[in-house]
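Residue numbers (UniProt numbering), protein chains in the order written: chain U, 1 to 214; chain R, 1 to 693.
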């Protein structure tokens, strides 16, 4: 199926926070309570629509275990978006966020959009991290924040789609260089810069506007 | 000064006879200079001299100079000249090859390069230093750095793979070089990536993530697609490494719409009419071989069913299947390309009804036009065709009928009496012709091909019982089954008998009517028991296989017996087995099948694995059948005989416990299927509601 844009995402965070389940819920709309440990990375994809434009999301779900950390680092550079996930029922996964964020900032391109996800919101009775804490962390580090449940599917769609919206806005503002594939963004085959209805015109405008601001 | 002169002399190789310093001495002095000199120029000269000596005195330079060279990579990073020389020197000492001029050769297969590789990578940072140097654009640094990595990975692949994986952006740095405008760099990186992606799923995934498929397709297009040179082949080999057995990458390949990009590569120009040889150069043949392997990596029968069927659907939709069929029907295609294309078509259609239908409708450009399948089967029963080609046709036919009720029934239909239509050459006729030809390979192929029409389809088994053959004029027609049994008894070649037994076993399994017909044929059982009780040729593979399959067939006659023939009721057959063959011998014969290497090899993959005609004895589907039924057959026979031992009570019509357990399994499977489908419906309804909102 043709798309206007293709965005590459990665999902990162401690082991067992539900990264693979989030992906499965998003791509297959199902929940698998027992999941094998992810080895290295696994790939998933889905089409979404933003502003009437078909957008393809290619998502790499990484292994959370420490042993795979160096492998995970190879995926930062080429990603346009990242979901940084912690488990609201395990405080230590929240405490490790700083390390993850440092790693991500160090290895990714500076425009990568990071969405902070507090997963397992269905387990409110076992909650160890308050919602406000997640919000505060996100505010402090300039991230978008959501609490999700891969089990009940609450907010899962929104988490992926909102991230795409931010990327989409950044493209229109001209922040992303969409011709550099290392940014994790590709223009669809039918939407090359020559096509009159393409979005690149808007992007160009954004550029000049940005210039005016500075 | 004197010292300098002498060392220079020895470097340049002008030998003064007296007091000639040994190679080791010179190397030692140069290494010392490399380490201790404070002047860059001096270090450069020393490094240049070491490089010059590193082939002839490889062991000395490696043993004494490794640390110094490594130090240069670290300290003199900014000077391309000396870095280039140091890298060249390291390339020489770690080379997997032995140089002609080497002094201490230690034989042609010495492990010098491997040992120096081991020493070099013992310090884990060494490889990181080389990787960092890849970022230097200067040709005389970047190129030897790639070569050095190539040598290191040739010698110690696993270690280098692990080191590169944990080096920050190690793989990414290599991937960047694929865009280098200097072809030699790009081509060497391609080779290095082929090496590094071997058997390492993590590297394969990172390479794919770094847009490898886009890069590869770009290079293939630049190099002239299928008509291109060896670089195209290298690209395809890399693609194959990334896809084979890597489900995540296969999924990415599919989702990234790369399958569609394969189609134009298979639209092979039809200019071959002028000069068929010129358009099929050896390189083009190699390219096409790699291309079809890429397709097969995506639709291999061993892959996850859902993913395979998705890929098959896309291949049909994007015209890839059509392009493959065009090659199939084109003239002037070399036999090995044709064989591989047939195998590929086989896997693209396997179990996918719309793709199977597509193949059924392909017409060959013959006169009169015939369906492609008929033309393929003509090749299968043609002794003059190559063995590999005939095997590929059988595989294609197997895949064509796999889970294809319609195709199965159409094949059987062609054997049944038709109306007044003048029959053209049909698949059924071809297979019957092959079944009764004098070529035992054709017999085997045809019998097995016919058995594919009966898989999991009792209606076709019963229909096939109706088939009559006209024999000599004036004599009454015989049934196909009678003819098969007669051929079996006529003592032709073992291969032919094995084929017929495969067909008969498939026919009688789960089909009471077929068992009944078989038992009614004169001396059918007598022949089987006689063959099974003979003690001859127990070491001969074909003979033991024959005995195993006879035991299997008798067992099927016991298990699927409705007791309607008084001479051969379950009880009487068991009795016969016990008295004429012996229970133990019977069990041995049936169980013996699985002990043969050829059995496990055949069971592993649906494609025939035989390399030459004499190895073609068993068939994948038959092995699967015997695997599922072996247990119940033995149980049936044992139950039957012990029953007999208990004072010869007239066999009460007991509920067949074995059948019951089988039915239980079926029910269990069906209910789990129902459950799955219910879940699916539920989620679809939910989805529909969501969409409507």
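Quick reminder that beta carbons are idealized off the backbone N, C-alpha and C, glycines included.
Query raised in the report: When DSSP builds the beta bridges, which residues end up paired with residue 47 of chain U?
Result: U/56
Query raised in the report: Mind checking residue 209 of chain U: buried by the 16 CB within 10 Å criterion, or exposed?
Result: Note that residue 209 of chain U scores a pLDDT of 37, beneath 50, so its modelled location is shaky and nothing firm can be said.
Query raised in the report: Taking 8 Å as the CB-CB cut-off, is residue 58 of chain U touching chain R?
Result: yes
Requested in this report: Please look up how many angstroms separate the CB atoms of residue 232 of chain R and residue 287 of chain R, rounded, as I've assumed it's under 8 Å.
Outcome: Right, their Cβ atoms sit about 5 Å apart.
Report task. Ignore the nearest five residues each way along the sequence and tell me which others in residue 15 of chain U's own chain have a CB closer than 6 Å to its CB. Result -> Hits under 6 Å: 64 and 65.
Query raised in the report: Cβ of residue 239 of chain R within 8 Å of Cβ of residue 188 of chain R?
Result: No.
Query raised in the report: Expressed to the nearest angstrom, what Euclidean distance is found between the alpha-carbon atoms of residue 571 of chain R and residue 527 of chain R?
Result: 19 Å
Query - Cβ pair residue 243 of chain R, residue 297 of chain R closer than 8 Å - result: yes
Requested in this report: For residue 119 of chain U, write down the residues that DSSP places opposite it in a beta bridge.
Outcome: DSSP links residue 119 of chain U through a beta bridge to U/87.
Report task. Please confirm if the region 205 to 224 of chain R is in contact with the region 164 to 182 of chain R, defined as three or more CB-CB distances below 8 Å between the two stretches. Result -> yes
Query raised in the report: Residues of chain R with a CB under 8 Å from the CB of residue 75 of chain U: which are they?
Result: 206 and 209
**Report entry** Residues that residue 29 of chain U contacts on chain R, provided the C-beta gap is smaller than 9 Å
**Finding:** 683, 686 and 687
Query raised in the report: Under a CB-based cut-off of 8 Å, is residue 185 of chain U close to chain R?
Result: no
Query - Neighbour flag for residue 164 of chain U against chain R, beta carbons, 8 Å - result: no
**Report entry** Cutoff 6 Å; reference residue 376 of chain R; Cβ partners in own chain excluding five residues on either side
**Finding:** 393
Report task. Within its chain, find whatever has a CB closer than 7 Å to the CB of residue 502 of chain R; leave out the 5 residues flanking it on each side and keep chain order. Result -> Result list for residue 502 of chain R: 447, 448, 451, 619 and 622, in chain order.
Query raised in the report: In chain U, which residues lie less than 8 Å from residue 213 of chain R when you measure between Cβ atoms?
Result: Within chain U, not a single residue places a beta-carbon under 8 Å from that of residue 213 of chain R; the smallest gap is close to 12 Å.
Report task. Step through the CB atoms of chain U and report whether any lies within less than 8 Å of the CB of residue 168 of chain R. Result -> yes
Query raised in the report: Three-state secondary structure (DSSP) at residue 7 of chain U?
Result: strand
Query - Contact the region 468 to 488 of chain R vs the region 400 to 412 of chain R: 3+ CB pairs below 8 Å - result: Taking 8 Å as the limit for Cβ pairs, the verdict is that the region 400 to 412 of chain R does not touch the region 468 to 488 of chain R.
**Report entry** Cβ shell of residue 99 of chain R (< 6 Å), same chain only, five flanking positions each side left out
**Finding:** 55
Query raised in the report: Taking Cβ positions only, does residue 43 of chain U come closer than 8 Å to chain R?
Result: yes
Query - Assigned secondary structure, residue 236 of chain U (DSSP; H/G/I helix, E/B strand, else coil) - result: Here chain U comprises residues numbered 1 to 214, so residue 236 of chain U is not present and cannot be evaluated.
Report task. Compare the beta carbon distance of residue 166 of chain R and residue 145 of chain R with 8 Å and say whether it is the shorter of the two. Result -> no
Query - Where residue 40 of chain U meets chain R, residues with beta-carbon distance less than 7 Å - result: 201, 202 and 205
**Report entry** Length of the line joining the Cα atoms of residue 18 of chain U and residue 164 of chain U
**Finding:** 20 Å
Query raised in the report: In the region 239 to 252 of chain R, which residues sit with their C-beta less than 8 Å from some C-beta in chain U, listed in chain order?
Result: For the region 239 to 252 of chain R, the set of residues with a beta-carbon nearer than 8 Å to any beta-carbon of chain U comprises 248, 249, 251 and 252, in chain order.
Report task. Scan the region 243 to 318 of chain R and note each continuous alpha helix (DSSP H) run of 4 residues or more that stays entirely inside, going in chain order. Result -> Counting only runs of 4 or more residues that sit fully inside the region 243 to 318 of chain R, the alpha helix (DSSP H) segments are 247 to 255, 259 to 266, 276 to 279, 282 to 299 and 305 to 317, in chain order.
Query raised in the report: Within 8 Å (strictly less), CB to CB, does residue 255 of chain U reach chain R?
Result: This structure cannot speak to residue 255 of chain U, because chain U is shown only from 1 to 214.
Query raised in the report: residue 83 of chain R and residue 44 of chain R: beta carbons closer than 8 Å?
Result: no
Requested in this report: Quick one: residues in its chain with C-beta nearer than 7 Å to the C-beta of residue 323 of chain R, no 5 flanking neighbours on either side, listed in chain order?
Outcome: 263, 266 and 267
**Report entry** Start and end residues, beta strand (DSSP E) containing residue 26 of chain U
**Finding:** Here residue 26 of chain U belongs to no beta strand (DSSP E); instead the alpha helix (DSSP H) covers 19 to 28.
Query raised in the report: In chain R, which residues lie less than 9 Å from residue 102 of chain U when you measure between Cβ atoms?
Result: Under the 9 Å cutoff, chain R gives no residues; its nearest Cβ is about 14 Å from residue 102 of chain U.
Query raised in the report: At which residue ranges does the region 61 to 140 of chain R contain complete alpha helix (DSSP H) runs of 4 or more residues, listed in the order of the chain?
Result: 80 to 94, 112 to 122 and 125 to 133
Report task. Output the distance between the C-alpha atoms of residue 2 of chain U and residue 299 of chain R, rounded to the nearest integer angstrom. Result -> So the alpha carbons of these two residues sit roughly 23 Å apart.
**Report entry** N- and C-terminal bounds of the alpha helix (DSSP H) containing residue 206 of chain R
**Finding:** 201 to 209
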